[in-house]
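Notes follow the structure.
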Amino acid sequence: MKRVVAGALIALTVVFVYRSCLEDNEVSVLKGNSMLIERQIKNVSKLIVTEGHFAEVYNYEDSKALFGSLLAAEKRALVVVNAEVTIAYDLKGLEFELDEVQKTVFLKKIPEPEIKINPDFEYYDVSADYFNPFEAADYNTIKEDVKALLRKKLEASPLKSNAQNRLLSELSNILILTNTLGWKLVHNERPIEKVQDLTLDNRTIVD
């Protein structure tokens, strides 16, 4: 009888140790996967920049009435503008959470694109009447008008979509890794099964 009891205790001990080893192994794998996912997300946290160049010819004219409508003092300028435009995503602003129990990565925030327009102005054929000279306000008006024209050109160009595609390419690395490890990726409370499921914020920061 004692041998039977001893045998049963040994068997129970072996089962307990075996299960304990399995659980420890599962926890180790889970922790390892979590660290791998977190490391991968940090690896893609780099600045993605798309550059473009635009040229614009702008005619500036201003007329100032003198003595009622008897005379007009005019000024004008021909401005040639060459501009460098950059669109950047700083992925250090990428916010995420890992849920090890549900094996889910939650993308909380994808950074907004930062758009910078750096125009270089060259003034030609500048002329002004004595009573209507060029002033600092005129140059500021020209700069603002030209920037508005360049923004319209940017919207009609493929630069923004190119920058977005580069961003999605980086984010797809996270999706591939999570799928490979049997995890889920969730963004905006929606499971992401393919890159096209990601929705990006269209707001921009313009300098």
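The sequence shown maps to residues 95 to 301 in my numbering. Each residue gets a CB set at the ideal place from its N, CA and C atoms; glycine is no exception.
Contact check for Leu-261 against Tyr-152 fails: the beta carbons are separated by 9 Å or more. With a cutoff of 9 Å on beta-carbon distance, Thr-180 and Lys-158 are scored as not near each other.
Beta-bridge pairing by DSSP links Asn-153 to Leu-172.
Bounds of any alpha helix (DSSP H) do not take in Leu-201; it lies within the beta strand (DSSP E) bounded by 198–203. Under DSSP, the beta-bridge partners assigned to Arg-284 are His-281. For the stretch 202–270, the continuous alpha helix (DSSP H) assignments of 4+ residues that do not extend past its boundaries occur at 230–250, in sequence order. Each residue's CA atom was taken as its position, placing Ala-242 and Leu-124 some 52 Å apart. When DSSP states are grouped into helix, strand and coil, Gly-126 belongs to the helix group. At a Cβ-Cβ threshold of 9 Å, Asn-256 and Lys-169 do not count as neighbours. Of the residues Gly-146, Leu-279, Glu-132 and Asn-282, the one whose Cα lies closest to the Cα of Ala-250 is Gly-146.
Ala-171 counts as buried, since at least 16 other C-beta atoms from the protein chains shown sit within 10 angstroms of its C-beta. For the set Ala-222, Leu-192 and Glu-264, the Cα lying nearest the Cα of Leu-201 is the one of Leu-192.
Of the residues assessed, Val-175 falls on the buried side of the cut-off, its CB having 16 or more other CB atoms within 10 angstroms. Nearest in C-alpha terms to Trp-277, of all of Lys-197, Ile-131 and Asp-291, is Lys-197. Taking a C-beta distance under 9 Å as the contact criterion, Phe-190 and Ile-135 qualify as a contact pair. A residue is called buried once 16 or more other Cβ atoms fall within 10 Å of its Cβ, and Leu-185 is buried on that count. By alpha-carbon distance to Asp-232, the top candidate from Pro-252, Glu-208, Asp-156 and Leu-253 is Asp-156.
Within the same chain, Lys-169 and Arg-170 come within 7 Å of Ser-221 by CB-CB distance, once the 5 residues on both sides are set aside. Cβ neighbours of Ala-167 within its own chain (closer than 6 Å, five residues either side excluded): Lys-158, Leu-160, Asp-223, Phe-225 and Asn-226.
In its chain, beyond the 5 residues on either side, Asn-176 have a beta carbon closer than 6 Å to the beta carbon of Ala-149.
In the three-state scheme derived from DSSP, where H, G and I count as helix and E and B as strand, Glu-191 is classed as strand.
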